[in-house]
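Note that the protein sequences, when read in sequence, are chains A and B. So for the first sequence, our numbering puts the first residue at 1; every next one is plus one. So for the second sequence, our numbering puts the first residue at 1001; every next one is plus one. Yeah, the Cβ is synthetic: ideal placement off N, Cα and C, and Gly gets one too.
2 protein chains.
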Amino acid sequence: MKKFFFVAGLILFLFNLSFAQQLKSPNGKLTLTFALLADGTPSYQLSYQNKEVIKSSKLGLELKKDKKSLLNDFTIADTKTSTFDENWKPVWGEVKSIRNHYNELAVTLSQKETNRQLLVRFRLFDEGLGFRYEFPTQKNFTYFVIKEERTQFAMAGDHTAFWIAGDYDTQEYDYTTSKLSEIRGFATKARTENLSQTAFSPTGVQTSLMMKSNDGLYINLHEAALINYPCMHLNLDDKNMIFESWLTPDAKGDKGYIQVPFNTPWRTIMVSDDARDILASKMTYNLNEPNKIKDTSWIKPIKYIGVWWEMITGKSSWAYTDDYPSVQLGITDYSKAKPNGKHGATTANVKKYIDFAAQNGFGGVLVEGWNVGWEDWYGNSKDYVFDFVTPYPDFNMAEIRDYAKSKGIKMIMHHETSSSVRNYERHLDTAYKYMRANNYDAVKSGYVGDILPRGENHYSQWIINHYQYAVEKAADYHIMVNAHEAVRPTGIARTYPNLIGNESARGTEYQAFGGSKPNHVTILPFTRLLGGPMDYTPGIFEMDISKLNPNNNSHVNSTLANQLALYLTMYSPLQMAADLPENYNRFPDAFQFIKDVAVDWDESKYVEAEPGQYITVARKAKGTGKWFLGSVNGESPRTATFKLDFLVPNKSYIATIYADAKDAHYKTNPQAYVITKVAVTNQSKLAQFAAPGGGFAISFVEADKSQLKGLPRL
Amino acid sequence: MKKFFFVAGLILFLFNLSFAQQLKSPNGKLTLTFALLADGTPSYQLSYQNKEVIKSSKLGLELKKDKKSLLNDFTIADTKTSTFDENWKPVWGEVKSIRNHYNELAVTLSQKETNRQLLVRFRLFDEGLGFRYEFPTQKNFTYFVIKEERTQFAMAGDHTAFWIAGDYDTQEYDYTTSKLSEIRGFATKARTENLSQTAFSPTGVQTSLMMKSNDGLYINLHEAALINYPCMHLNLDDKNMIFESWLTPDAKGDKGYIQVPFNTPWRTIMVSDDARDILASKMTYNLNEPNKIKDTSWIKPIKYIGVWWEMITGKSSWAYTDDYPSVQLGITDYSKAKPNGKHGATTANVKKYIDFAAQNGFGGVLVEGWNVGWEDWYGNSKDYVFDFVTPYPDFNMAEIRDYAKSKGIKMIMHHETSSSVRNYERHLDTAYKYMRANNYDAVKSGYVGDILPRGENHYSQWIINHYQYAVEKAADYHIMVNAHEAVRPTGIARTYPNLIGNESARGTEYQAFGGSKPNHVTILPFTRLLGGPMDYTPGIFEMDISKLNPNNNSHVNSTLANQLALYLTMYSPLQMAADLPENYNRFPDAFQFIKDVAVDWDESKYVEAEPGQYITVARKAKGTGKWFLGSVNGESPRTATFKLDFLVPNKSYIATIYADAKDAHYKTNPQAYVITKVAVTNQSKLAQFAAPGGGFAISFVEADKSQLKGLPRL
């Protein structure tokens, strides 16, 4: 500690601060400096080895209708440092054990004029910093309203950023790669149409925000443990390259109603000179509370298929009939409706999917469009839009339940809320009970369209509270939740591991809505996935959507091999094979990889990573010796070269490589793949081609000599 | 009908209208004229015999973000007239059978440009008019948003009005009596402080609005069947004396999200030259749908007492402790709290009330402040404020339940929501189940403070929907609802007779908060009570509140005899004896009337009525031959003179008269009362003195000659 105080003294002297204290990360590479500026404004700096990551940045909150904000005139009441180191076992995950190791600095600030105390807690991990504001119990400070959180992140340069436009209602944008100084210029182009969207600033961006500095630092800004607080966006002062927190407002424009005692979510800054460290970091989970669900035996990773892509592509419909331009539940008489002949969720069709799942080793079948109301469900701020317990006349719940049971298949329920949040909460108990009664133990919930109550946004405090409520209540019923269009996750699945999935980003569906950028999947793991798994719904084999629906000319900007690699690179305990059974039947050799790949892991090794360009990861299946590897590629063709040193020494494996053919291309030749089998050991070195928008997937199975006979060796 | 068409033709000629049609009330006294103005604007007029009640007034709705509003350019597509006459039996009420008799005119309007249809349905009763807008199912018109409803009520003169200030959040104002032209001048004075209030216009007033014209017409404007629509206020154009509807907005300022088909609430205009007709009218109920609760055996009128007035006066407290300035449910540890020694809802105190109830023939005991959270419950927009199932440590739910059962007493639960509506809905099922499990079949719900979701108001569509939801869900659990601070009723208790009470006006509690005007109770039956019963909580015997709490100098502006009369004049199937047992024990002879008086009736006869001055009503108890009479008086002393011709001919009764003493006065001598017994028949004529703020109450018991011996005869 002596050294710290010496440095702190030097800083005080140099910058005329009233107080400064430093903290080092366990490995010594990261240095945090907390300082009180001359006017009593708290601030912090972060450096990685000798490089500045965050320049002096102010901390604080502006309050509404309050005599004084929590911005300045603070003195130091107390500081405490400590070290924490433990290992914990996630219920599911990329690894079987997670180390939570950090040094902590807790600074208690006192504001004389108001007699208020504010604590800033910093946790410095090897791969980054987390800090939050804490408001301990105190007299005369019980409630307050936040006008804006004023947390700064002063960047040290005009970094390259991988960003999506700031929005109160959607994250479903393609990533833009640009310099920070270029964000303003791209602001309009970065936004595409969505059924619910609300912009707030031309330099507003969302977190998790990935950046790369000119001197090779990878920096990520995000938050952890977003509980009962508005979602944080960032607004850039692009003259000074300073990001400032920008919370999502409520219907009145307020940004947080707080009751003391309270802790804000953690603000996180990950940094490394190796991009793989960002992907491998478990810092976001570590900043969340431990698991609160006692019995987790019912929480199970699963591979599933679904009556879904046929609706997304327009081949079939969620709606049962075209008769009704407007539906009133309980009044509209479906028994008199003429079926439109395109309804996807029919008993017969669902049984076909159940058969396919059972034949190919999938655990579950999702069905959308099973319940009445889809003729009239968004765009009109409709309140009573779904009741979640009334199937269409052609969906026989009991028959499907029994058939699925007989085949050993779990059904996955779909609850589209249409963002009518009160309506969903009113039906939630009944809906969950109905699920349990019909053999469903997982729900995909959806929040399409503008939020009701009107004036609230997808990411405002009130609605954040709702998503959490739905997850916690689901846990009471032993139901797993996969929420779509909800707020992006912030590691809460550590505390509530029944939150097995989220969308909250641009998923595969957009490949049928006009396409996503081919490098999209090389960015998502650096951004969206840091907070938790994404139900990305990979596995599309037919890239020409017009083959499914002649009226849809969308193209899936990905090679088939890239689609296979996603099962590794887009980590999720819930993995869909999203394409239609008939498309899988056309490519049984490639489909074999999807059938083989695991969904839960003992180990994960990030082999290569560069945001926007490529990600290669190897994972060891939980409880088996099998390894799988996936590599996704951006726009430029490349040959990935790396050692297979993750494999167990002195063992031999058959590697089945599913790769792009030489002439493969996401646009012009996406289905050109080659499958080769080779014999490998942990000494082998691979040089594997990946096409534009391509990639490769490998399964490794331990084999004895006789099995290796005749195979080429690497 | 011939005559109608002749008159209509004449009107067309005289006023250059494009269409006009008339309708008469069953008794012929009221005439409605519907007319289409030259620009296709629908309009109506109403006259009573030869007097104009409503001058030509426009009808229509202004829509938001829509190409064209529903205001003009209409043509007549169809008109239909019909007659309806039936009798129906209310589950509880002032009378055992209600006649629903009206002539109807339904005008279907067509708007060429939009191809939309709008139907205006008029129902003309002997005592007034109801009309509503109906939007029948039609193509291309499925949803719309109301910017404002533009229904006019053009008054024929500068009437005297009995009004409370327009407000989106409270009705708890004293009535102001003024000319219409004086409303603006009184606007500020008419508003007193409330924990939630939102004004909108200096000439805004609430309904039900009572008026009296210079030529002796009593006119009332209100609405019926307010379901899934914002509460209607009225805004006065005080140059032209035209009221226009002013709906309560939502958080975004919108005034109604409508899905077609839809019917608005009824707009009602009652009119008579006899004020008693307004009080006796059942028009508001008749405009509601018939009872939707099949088994009503569990809905029972009740007289009750409660642990309530001691908190209202400040004698005791809802809160258990003074230790905590801020409470977080589930976290705050009450077992460690120091009791403040003033908590009202202790097991011992509740048992005392149960004993008193059992001894004096009351059916129920209400207890407020029984559940944790009251230390910190309003003013901070607190979301999770109560859980409705956790008693304070000193309130033994099981012990009280069993004790009440053993004494034959029903407990009445209190659910203060603190206007945190989402929180209440989240707990509603659990709370109702908890009630059933603990022998509670009635709930008093409360909506103190500003509404959550923030930005919504007590009377906006979203919240109207909530009140209805709570009532309907309560019916599922066989629970009766008595909602306080909710929207004022509009006859919905016909459809859901488990809505046995409402506050939604300035109740007796204000007598402990500084006092109400002494003539308040002579206005409420003309306004608030037209839509349904009020839980006014009468029966205060000690008017000097400082005798209960030395720190409270409020005075109850009422004589004791007036308090007795309220059990008749303020009709409710739920009647409280609000004062403390010890105050009743001081006046056992007067208390006898409260013990005797019925709460459900076969017949009611309004004997005298003048808004703001006096009301006298006689009622025959359900299933018995007993009659009771109550008379309340305003500020001026008077002698009421009337015949007892409501009594059964050729029978003799002992009338026990509880009346003001000659020197009684609400302010200076409120407890001066005299009780006399006289022998009466239906030929008797009474001349009974009533003091300022006073009144009298009479019970009539049939008696034979021997019982009448020695009694003076009237």
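Practice item. Write down every uninterrupted run of the alpha helix (DSSP H) in the region 120-202 of chain A whose length is 4 residues or greater and which is fully enclosed by it, in chain order. Key: Secondary structure within the region 120-202 of chain A: the alpha helix (DSSP H) runs of 4 or more consecutive residues, fully enclosed, are 183-186 (chain order).
Point to revise | 9 Å Cβ cut-off: residues of chain B touching tryptophan 462/A | key: Neighbours of tryptophan 462/A on chain B, chain order: Asp1383, Arg1422, Leu1452, Pro1453 and Arg1454.
Point to revise | proline 1325/B: contacting residues in chain A (beta-carbon distance under 7 Å) | key: Chain A residues near proline 1325/B: Lys139 and Thr142.
Review point. Just the Cα atoms here: how many angstroms apart are glycine 1364/B and phenylalanine 84/A?
Key: A straight-line Cα-Cα distance of about 59 Å links glycine 1364/B and phenylalanine 84/A.
Practice item. Kindly indicate which residue of Lys622/A, Leu180/A, Leu524/A and Lys667/A has the alpha-carbon position closest to the one of tryptophan 92/A. Key: Per the Cα distances, Lys622/A.
Check your understanding: Is threonine 1490/B closer than 7 Å to glycine 1531/B when the C-beta atoms are compared?
Key -> Between glycine 1531/B and threonine 1490/B, the CB-CB gap stays under 7 Å.
Point to revise | Cβ of lysine 1595/B within 7 Å of any chain A Cβ | key: Using a Cβ-Cβ cut-off of 7 Å, lysine 1595/B does not count as an interface residue toward chain A, since no Cβ of chain A sits closer than that to its own.
Point to revise | Sequence-distant residues of the same chain with beta carbon closer than 6 Å to tyrosine 1459/B, five excluded per side | key: Within the same chain, tyrosine 1459/B has close Cβ partners Tyr1168, Cys1231, Thr1248 and Val1487.
Check your understanding: In terms of DSSP beta bridges, what is alanine 1224/B paired with?
Key -> Alanine 1224/B pairs with Trp1266/B.
Check your understanding: From what residue to what residue does the alpha helix (DSSP H) around tryptophan 92/A run?
Key -> Looking at the DSSP string, tryptophan 92/A is not in any alpha helix (DSSP H), and its letter there is neither H nor E.
Exercise for review: Would you tell me roughly how many angstroms separate the C-alpha atoms of phenylalanine 4/A and glutamate 127/A, rounded to the nearest one?
Suggested key: For phenylalanine 4/A, the predicted structure reports a pLDDT of 48, less than 50, and the residue's modelled location is therefore unreliable. A value from the coordinates is still provided. The C-alpha of phenylalanine 4/A lies about 20 Å from the C-alpha of glutamate 127/A.
**Study point:** Top-ranked residue by Cα proximity to asparagine 50/A, from Phe200/A, Gln21/A, Trp163/A and Asp273/A
**Key:** Nearest option by C-alpha distance: Asp273/A.
Review point. Within 7 Å (strictly less), CB to CB, does asparagine 115/A reach chain B?
Key: No, no contact with chain B.
Exercise for review: Report yes or no: do three or more beta-carbon pairs, one from the region 108-120 of chain A and one from the region 59-70 of chain A, lie closer than 8 Å?
Suggested key: Between the region 108-120 of chain A and the region 59-70 of chain A, the count of C-beta pairs closer than 8 Å reaches three or more; the two stretches touch.
Review point. Per the contact definition of three or more C-beta pairs closer than 8 Å, is the region 323-331 of chain A in contact with the region 364-382 of chain A?
Key: Result yes; three or more Cβ-Cβ pairs closer than 8 Å.
Practice item. Go ahead and pull the three-state DSSP assignment for arginine 1436/B. Key: If DSSP states are grouped into helix, strand and coil, arginine 1436/B belongs with the helices.
Practice item. Check the Cβ of arginine 1436/B against every Cβ in chain A and list those closer than 9 Å, keeping chain order. Key: Going along chain A, no residue has its Cβ under 9 Å from arginine 1436/B, so there is no contact; the nearest lies around 16 Å.
Check your understanding: Do we get a CB-CB distance below 7 Å when we pair asparagine 585/A with the residues of chain B?
Key -> It does not; no Cβ of chain B falls within 7 Å.
Practice item. Specify the secondary structure class of glutamate 1608/B as computed by DSSP and reduced to three states. Key: Secondary structure of glutamate 1608/B (DSSP, three-state): strand.
Review point. If you count every other CB in all the chains shown that lies within 10 Å of the CB of alanine 20/A, and 16 or more means buried, which is it?
Key: Classification of alanine 20/A: buried, given that the 10 Å Cβ count is 16 or more.
Check your understanding: For aspartate 1645/B, which three-state DSSP category applies?
Key -> DSSP places aspartate 1645/B in coil when its eight states are reduced to three.
Review point. DSSP puts arginine 1116/B in a beta bridge; with which residues?
Key: Paired residues: Gln1111/B.
Practice item. Inspect the beta-carbon positions of isoleucine 1305/B and alanine 1577/B and report whether they are closer than 7 Å. Key: Their beta carbons are under 7 Å apart, which means isoleucine 1305/B touches alanine 1577/B by this criterion.
Check your understanding: DSSP state of phenylalanine 1689/B, grouped into three classes?
Key -> Looking at phenylalanine 1689/B - three-state DSSP - the assignment turns out to be strand.
Review point. Residues bridged to valine 1271/B by DSSP?
Key: DSSP output for valine 1271/B lists Ile1219/B as bridge partner(s).
Practice item. Could you list which residues in chain A have their beta carbon closer than 8 Å to that of glutamine 1259/B, in chain order? Key: Here the neighbours are Ser326, Gln328, Asn380 and Lys382.
Review point. Mind listing which residues of the region 225-257 of chain A have their C-beta closer than 8 Å to chain B's C-betas, in chain order?
Key: Only those residues of the region 225-257 of chain A whose C-beta falls short of 8 Å from the nearest C-beta of chain B are listed: Asp250, Ala251, Lys252, Asp254 and Tyr257.
Point to revise | Residue range of the beta strand (DSSP E) that includes proline 42/A | key: It spans 42-48 - the beta strand (DSSP E) in which proline 42/A sits, taken as one unbroken run.
Practice item. Report the residue from Ile1698/B, Leu1046/B, Lys1064/B and Met1534/B whose alpha carbon sits nearest the alpha carbon of leucine 1129/B. Key: Ranking Ile1698/B, Leu1046/B, Lys1064/B and Met1534/B by Cα distance to leucine 1129/B puts Leu1046/B first.
Review point. By the criterion of Cβ-Cβ separation under 7 Å, what are the contact partners of tryptophan 429/A in chain B?
Key: The amino acid occupying residue 429/A in the given sequence is aspartate; tryptophan does not appear at that position. Result: Asp1429.
Check your understanding: Which of helix, strand or coil does DSSP assign to isoleucine 1698/B?
Key -> It is a strand residue.
Practice item. Using a Cβ cut-off of 8 Å, pull out every chain A residue sitting near glutamate 1425/B, in sequence order please. Key: Going along chain A in sequence order, the residues near glutamate 1425/B (Cβ under 8 Å) are Arg422, Glu425 and Arg426.
Review point. Applying the criterion that 16 or more other CB atoms from any shown protein chain within 10 Å of the CB defines a buried residue, is lysine 1338/B buried or exposed?
Key: Exposed.
Check your understanding: Comparing alpha-carbon positions, which option in Glu1399/B, Pro1453/B, Asn1457/B and Glu1425/B lies nearest serine 1445/B?
Key -> Comparing Cα positions, the closest option is Glu1425/B.
Review point. Just how far apart, CA to CA, sit isoleucine 654/A and alanine 703/A?
Key: Straight across, the Cα-Cα distance linking isoleucine 654/A with alanine 703/A is about 6 Å.
Practice item. With distances taken Cα to Cα, identify the nearest neighbour of serine 317/A among Ala358/A, Thr284/A, Phe356/A and Glu368/A. Key: Residue Glu368/A is the option with its Cα nearest to serine 317/A.
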